[in-house]
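So for the sequence shown, our numbering puts the first residue at 71; every next one is plus one.
Take a look at the structure below.
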Amino acid sequence: MLTGLDLSAAFDTISHSILLGRMSDEFGVSGAPLRWLQSYRPITDRRHYVKLGRHCSSTVQCTAGVPQGSVLGPILFAAYISPVGQLITSHGVEHHQYADDTQLFLAMRASTIRASLSTLEACTRDVKRWFAENDLLLNADKSEVMMIGTAAQLRAASTVNTVAVADANQN
């Protein structure tokens, strides 16, 4: 079974303080490289305003987010969410991540399909909680599930009508 998880506005919600702490604590970035990251303008000095015609709102400082189109954006995002990989594998589920795309893989046998689905459902609930604790929103309704197998395997799994991804049913 393949499960694709959808994050809402993922690059926009990255906490700068969590990111810098993670770079230091989990990746050992310190000294000049950490100071460089701390001074990297898209992290520490981003400001936003809204312009409509000739009218502009006041400018506010952004305390979260990295530019998605930047060179470092996807790398910083990957570092930010790297701990979730350990959580996923603790459930016995394989995964693949690139930037804000996370796919979960779980091999199942027809005889253990209910237990495997319970494992997957528990994993996605825990992933959703971890994302929330790290200022990210898992959009369970937009996440997708796909069963892959031979014709015989898919027939054996035909009793499965829905799979709960982070407590949202997927058909």
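Backbone N, C-alpha and C define an ideal beta-carbon position, used for all residues, glycine too.
Since the structure is predicted, the reported quantities are computational estimates derived from the model, not experimental observations.
Within the DSSP bridge table, the entry for PHE175 names LEU72, GLU164 as partners. Residue burial annotation: LYS121 is exposed, with fewer than 16 other C-beta atoms found within 10 angstroms of its C-beta. DSSP links VAL197 through a beta bridge to no other residue. Taking each of GLU164, SER87, GLU214 in turn and checking the Cα distance to SER109, the smallest one comes out for SER87. Contact between the region 183-195 and the region 117-137 is absent, with fewer than three C-beta pairs closer than 8 Å.
The C-beta distance from GLN167 to ILE151 rounds to 7 Å, short enough to fall under 8 Å.
Between PHE81 and GLY143, the C-beta gap is smaller than 8 Å, which places the two residues in contact. A straight line joining the alpha-carbon of ALA149 with that of LEU207 spans about 17 Å.
Excluding residues up to 5 positions away in sequence, THR73, GLY74, LEU75, ASP76, THR194, VAL235, ALA236, ALA238, GLN240 lie with their Cβ nearer than 8 Å to the Cβ of SER213 in the same chain. Looking only at VAL233, VAL130, VAL163, SER160, the smallest Cα-Cα distance to THR114 is reached by VAL130. Runs of the alpha helix (DSSP H) lying entirely within the region 105-161, each at least 4 residues long, are 111-114, 143-151, 154-160 in chain order. Going by DSSP, ALA234 is part of the beta strand (DSSP E) stretching over 233-235. Looking at the DSSP output, GLU203 sits in no beta bridge, so it has no partner there. For SER181, no pairing in a beta bridge is given by DSSP. Residue state for GLU96 is assigned as coil, using DSSP reduced to three classes. If you draw a straight line from the Cα of SER85 to the Cα of PHE147, it comes to about 10 Å.
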